[in-house]
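Asker: First to last, the sequence lines map onto chains A and B. So that you can map any letter, position 146 of the first sequence is 146 in our numbering, and since no number is skipped, the others follow by simple counting. If you count the second sequence from 1, you need to add 1000 to reach our numbering. Quick one: this structure, given as structure tokens, is what I'll be asking you about.
2 protein chains.
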Amino acid sequence: MRWCSRAVTLTIIAIAMNNKEYISDEQTLDNAGIRVTAVRLLVWRQVRHGFSDAFSLADLEAALPTVDRSTLFRTLSTFTEAHLLHEIDDGTGSQKYCVCSARDTHHCEGHVHLTCIRCHRTYCLTDVRIPSVPLPEGWASTETEYVVKGICPACNREK
Amino acid sequence: MRWCSRAVTLTIIAIAMNNKEYISDEQTLDNAGIRVTAVRLLVWRQVRHGFSDAFSLADLEAALPTVDRSTLFRTLSTFTEAHLLHEIDDGTGSQKYCVCSARDTHHCEGHVHLTCIRCHRTYCLTDVRIPSVPLPEGWASTETEYVVKGICPACNREK
DNA sequence: CTGTTTTCTGCAACCGAGTTGCAAAAAGAT
DNA sequence: ATCTTTTTGCAACTCGGTTGCAGAAAACAG
Chain A
1 MRWCSRAVTL
11 TIIAIAMNNK
21 EYISDEQTLD
31 NAGIRVTAVR
41 LLVWRQVRHG
51 FSDAFSLADL
61 EAALPTVDRS
71 TLFRTLSTFT
81 EAHLLHEIDD
91 GTGSQKYCVC
101 SARDTHHCEG
111 HVHLTCIRCH
121 RTYCLTDVRI
131 PSVPLPEGWA
141 STETEYVVKG
151 ICPACNREK
Chain B
1001 MRWCSRAVTL
1011 TIIAIAMNNK
1021 EYISDEQTLD
1031 NAGIRVTAVR
1041 LLVWRQVRHG
1051 FSDAFSLADL
1061 EAALPTVDRS
1071 TLFRTLSTFT
1081 EAHLLHEIDD
1091 GTGSQKYCVC
1101 SARDTHHCEG
1111 HVHLTCIRCH
1121 RTYCLTDVRI
1131 PSVPLPEGWA
1141 STETEYVVKG
1151 ICPACNREK
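Next comes the structure, spelled out in structure tokens:
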């Protein structure tokens, strides 16, 4: 793990603030090879702790009205490239993002997604791998999207 | 099968034109409960005979430049509602459509789609059904999207 | 600490796909 | 032939995503 003087400084600040999360988030970005800025820290803390499920650029915009949309967009791209997030195409027409679980950098690929057609929330079934199917001769597969559309338990309950 | 006087008239015209396809397409729309108009016939013949694979609104627009985009859009919606077409969400960001095979009205649901990341064409594997996965307690599934992204044989060959 | 270089951010504008309201045109009914 | 209903074309608009550019912030060098 890399450990630079700026991070040490932040650690001291964080201890002073008695805020352990602050250190941890800073480290996460740093470990991912991303330069830590105020905006990025803000965005990361929002997506890490502020959303219970997959979120869209619009969700993030609503949660952080002080930050410009294009900046949020670019930040999401940066995070995605650094494998902090993964993109989900749930067929709602808007790109969704989801935090990659810490333990496994590449867990993001190949799992099933659930989309609720009522509340439009999308969830990851990180532990359910996509079953494979036979492909025609000559096709080379690179990636597979498996999205189950339906009604989530919460929407189901409220009838 | 319904058979109205207008259709008979068109049959006569078609025989005069020695064009069997013409009758057949007209019948298809009529059977689907869709009023037959010049534009709809034009669109149907294009999507039925003019595309080898799934197509987008933009593809249709390019193929039929004389027809307005909004009309094409509404026509596609009409056809989809009448189960002449089915919609495919292949994750390219643009809605695709594909002709439903004649023998089975509901065949459209539940099969696998292939999308080429080079040429952006999308194909139906109508005979490969989507394998199911276990869902969490409380979820009610209505539909499942299974899209394999990769390189199609044609793109693979041209290296 | 100060000046220089590099990166990031906000603004504005743009793009493409999808969508809608409305009036004219076409089709169907009487 | 006339009236009613449906369809079509036009224009405009929405919404999500995206880019160019100039100023702000961060990293770097002295």
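Note that the Cβ used here is the ideal one computed from N, Cα and C, for glycine as well.
1. Measuring only from the beta carbon, is D1089 (chain B) closer than 6 Å to any heavy atom that is part of the ligand ZN?
2. Roughly how many whole angstroms lie between the Cα atoms of K1096 (chain B) and A32 (chain A)?
3. Who are the neighbours of N156 (chain A) on chain B, taking C-beta pairs under 9 Å?
4. Quick one, which of A:D25, A:Q27, A:V148, A:R157 has its alpha-carbon nearest D90 (chain A)'s?
5. With a 10 Å radius around its C-beta and 16 neighbouring C-beta atoms as the bar for buried, classify E26 (chain A) as buried or exposed.
6. Is there a Cβ from chain B that is less than 7 Å from the Cβ of K96 (chain A)?
7. Is the separation between the beta-carbon of C155 (chain A) and that of C119 (chain A) shorter than 7 Å?
8. According to a CB-to-CB cut-off of less than 7 Å, which residues of the stretch 71-96 of chain A neighbour chain B?
9. Between the Cα of R121 (chain A) and the Cα atoms of A:Q46, A:I130, A:P153, which residue gives the shortest distance?
10. Could you give the residue range of the beta strand (DSSP E) that holds S1141 (chain B)?
11. Pick helix, strand or coil for N156 (chain A), following the three-state DSSP scheme.
12. CB G150 (chain A) to CB R129 (chain A), shorter than 7 Å?
13. Cβ atoms of P134 (chain A) and P1131 (chain B): under 7 Å apart, would you say?
14. How should E1145 (chain B) be labelled, buried or exposed, when 16 other C-beta atoms within 10 angstroms of its C-beta is the threshold for buried?
Answerer: In this structure, then:
1. Absence of the ligand ZN is noted for the structure shown, with no ligands found whatsoever.
2. Within the second sequence, the letter at position 96 stands for residue 1096 (chain B). Within the first sequence, the letter at position 32 stands for residue 32 (chain A). Cα to Cα, K1096 (chain B) sits roughly 37 Å from A32 (chain A).
3. Against the first sequence, residue 156 (chain A) aligns to sequence position 156. Ordered by position in chain B, the residues that pass the 9 Å Cβ test against N156 (chain A) are G1138, W1139, A1140.
4. Position 90 of the first sequence, counting from 1, holds the residue named residue 90 (chain A). Comparing Cα positions, the closest option is A:V148.
5. The count along the first sequence starts at 1 and reaches residue 26 (chain A) at position 26. Buried, because 16 or more other Cβ atoms sit within 10 Å of the Cβ of E26 (chain A).
6. The sequence position of residue 96 (chain A) within the first sequence is 96, counting from 1. Taking Cβ atoms only, chain B never reaches closer than 7 Å to K96 (chain A), which makes this a no.
7. The residue labelled residue 155 (chain A) in the question sits at position 155 within the first sequence. The residue labelled residue 119 (chain A) in the question sits at position 119 within the first sequence. Yes.
8. D89, G91
9. Taking the first sequence and counting its residues from 1, one reaches residue 121 (chain A) at position 121. The residue with the shortest Cα to Cα distance from R121 (chain A) is A:P153.
10. Counting from 1 along the second sequence, the entry for residue 1141 (chain B) is found at position 141. Counting along the chain, the beta strand (DSSP E) containing S1141 (chain B) begins and ends at 1140-1151.
11. Taking the first residue of the first sequence as 1, we reach residue 156 (chain A) at position 156. It is helical.
12. By one-based count along the first sequence, residue 150 (chain A) stands at place 150. By one-based count along the first sequence, residue 129 (chain A) stands at place 129. No, the Cβ-Cβ distance between G150 (chain A) and R129 (chain A) is not below 7 Å.
13. Sequence index remark: in the second sequence, residue 1131 (chain B) carries index 131 (1-based). Sequence index remark: in the first sequence, residue 134 (chain A) carries index 134 (1-based). Contact: no.
14. Residue numbering aside, residue 1145 (chain B) sits at position 145 when the second sequence is read from its first letter. So E1145 (chain B) counts as buried.
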